[in-house]
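One structure below.
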Amino acid sequence: MKSFLGIDIGAGSIKASLIDSNGNVLKSSFRKTGAETNEKQFLDSICDIVSEMKNSSLTAVGIGSPGPIDSENGILIESANLPLLKNVTLVSHLKEKFSIPVYYNNDANLAALGEYHFGLGKGSPNLVILTLGTGLGGGWVYQGKLFNGYKGSGMEAGHVTYLPNGSLCGCGQRGCTEAYFSASGFLNRYKEKAGEVLDSAEEFFEKTRKGDKTASILLNEGIDALAQLCRNLIHTINPEKIVFTGG
19 MKSFLGIDIG AGSIKASLID SNGNVLKSSF RKTGAETNEK QFLDSICDIV
69 SEMKNSSLTA VGIGSPGPID SENGILIESA NLPLLKNVTL VSHLKEKFSI
119 PVYYNNDANL AALGEYHFGL GKGSPNLVIL TLGTGLGGGW VYQGKLFNGY
169 KGSGMEAGHV TYLPNGSLCG CGQRGCTEAY FSASGFLNRY KEKAGEVLDS
219 AEEFFEKTRK GDKTASILLN EGIDALAQLC RNLIHTINPE KIVFTGG
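Residue numbers for the sequence shown follow my numbering, so the first one is 19 and each next one is one higher.
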C-alpha cells in the first residue's frame, strides 16, 4: 500500500506523520525550531525526518509552512516567526536528496483543505479557517477550490491590520492582528507592558486564570482583534463557516 509523508513547519516545531492511502497514521516524528533556527539547521532537520520516516512504499511528501512562500517554485520566502530563513529552496533540496515528488503550500492553506475534506468544514461551499498558534494564519476554500493568491501567499489573515501604528508584529509591520492574538503576540505584548519575559503561551494564560490584570487586558484586546478580523472576513468574502484550528 502506498504511503505519504506530511510535514508541518511551525515557529516552535516541525511535526511529521507518515500515513497510508486510507489516512491511517503509521508513525510520527518531531523536531524543535525557534527564532534562532538557521537555514542549514532547518534543512537538516527536515532531511533527518524524511530519512527517519521513509519506507519502500513512500510515494510523495507534502509540506506546509508559514508564508509568504512561492509555492510554484517551492521556495520559503520568509517567515515572521523564523526570521533567519530567507528564500530557502526547500522543494528542490528535498527532490535532489531523495528523488521523490514533493508538494509545498502555505500551512494554513493546507489546513483549510484538510478541514474541507475531513473536518468541521467538510463540503462547505465557502469555508474560511484561521490557524491559531505561534502566529495567526488563514485559508479559504471556495466551491471546492483552494484560493492560493499570487504564488501561494493569499489569505495572510494574521497580517490584516487591526490597529494602525499599533504593536510591532514579527513581520516588521505594526498593528497586525497576529501581534494581538497569537502566542508570540501575547508574549511580546506582555513583555512590553509588564516588563516580564514569559516562557510560553501556557504561562501567559495561567496568569489570566489567576487574575493578572495586565494579562487579562491583553487577552481581551486580543479577542477583540480576532473578532474584528472575523467581522472583516464576513463582510468581504461572506463565508458559510469560519473554523478555528491550530497545532
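All residues carry an ideal CB built from backbone N, CA and C; glycine is no exception.
Quantities reported herein were computed from a predicted structural model and do not represent experimental measurements.
Handout entry: Among Glu174, His177, Ala175, Tyr198, the one whose alpha carbon lies nearest that of Ser185
Key = Tyr198
Practice task
Following the continuous alpha helix (DSSP H) through Ala53, name the residue where it begins and the one where it ends.
Solution key: Per DSSP, Ala53 belongs to no alpha helix (DSSP H) and is neither H nor E.
Handout entry: N- and C-terminal bounds of the beta strand (DSSP E) containing Val146
Key = 144-150
Exercise for the section: Just the C-alpha distance for Ser39 and Glu90, rounded to the nearest angstrom, thanks. Expected result: 25 Å
Practice task
With Phe108 as the anchor, note down where its alpha helix (DSSP H) starts and where it stops.
Solution key: Before going on, a small fix: residue 108 reads as Leu here, not Phe. It spans 108-116 - the alpha helix (DSSP H) in which Leu108 sits, taken as one unbroken run.
Practice task
Compute the distance between the beta-carbons of Glu133 and Gly156, then report whether it is under 8 Å.
Solution key: no
Practice task
Look up Val43 in the DSSP assignment and give the residues it is bridged to.
Solution key: Ile37
Handout entry: Runs of beta strand (DSSP E) lying entirely within the segment 123-205, each at least 3 residues, in chain order
Key = 144-150, 154-160
Handout entry: Ala245 burial status per 10 Å Cβ neighbour count (16 or more: buried)
Key = exposed
Practice task
Return helix, strand or coil for Asp242, following the three-state DSSP convention.
Solution key: helix
Exercise for the section: Determine the contact status of Ser63 and Ile32, defining contact as a CB-CB distance below 8 Å. Expected result: yes
Exercise for the section: Please go through the same chain and pick out, in chain order, the residues whose beta-carbon is closer than 6 Å to the beta-carbon of Gly240, but skip the five residues on each side of it. Expected result: Tyr198, Phe199
Problem - Cβ distance (whole Å) where Ser35 is taken to contact Ser46 below 8 Å - result: 5 Å
Practice task
Taking only the alpha-carbon atoms, compute the straight-line gap between Ile235 and Ile252 and give it to the nearest angstrom.
Solution key: 26 Å
Problem - Spatially closest choice to Thr77 from Ala98, Val120, Phe136, by CA coordinates - result: Val120
Practice task
Report the residue from Val79, Gln161, Leu100 whose alpha carbon sits nearest the alpha carbon of Ile255.
Solution key: Gln161
Problem - Same chain, Cβ closer than 7 Å to Ala129, five either side skipped, listed in chain order - result: Ile147, Thr149, Gly157, Thr263
Problem - Backbone secondary structure at Asp26 - three-state DSSP - result: strand
Problem - Contact belief for Gly176 with Leu154 at Cβ below 8 Å, rounded distance in angstroms - result: 3 Å
Practice task
Consult DSSP for Glu224 and reduce its assignment to one of helix, strand or coil.
Solution key: helix
Handout entry: Same chain, Cβ closer than 7 Å to Met71, five either side skipped, listed in chain order
Key = Leu23, Ala34, Leu36, Lys45, Ser47
Problem - Burial state of Glu196, where buried means 16 or more other Cβ atoms lie within 10 Å - result: buried
Problem - For Tyr180 and Ala243, believed in contact at Cβ under 8 Å, the rounded distance - result: 4 Å
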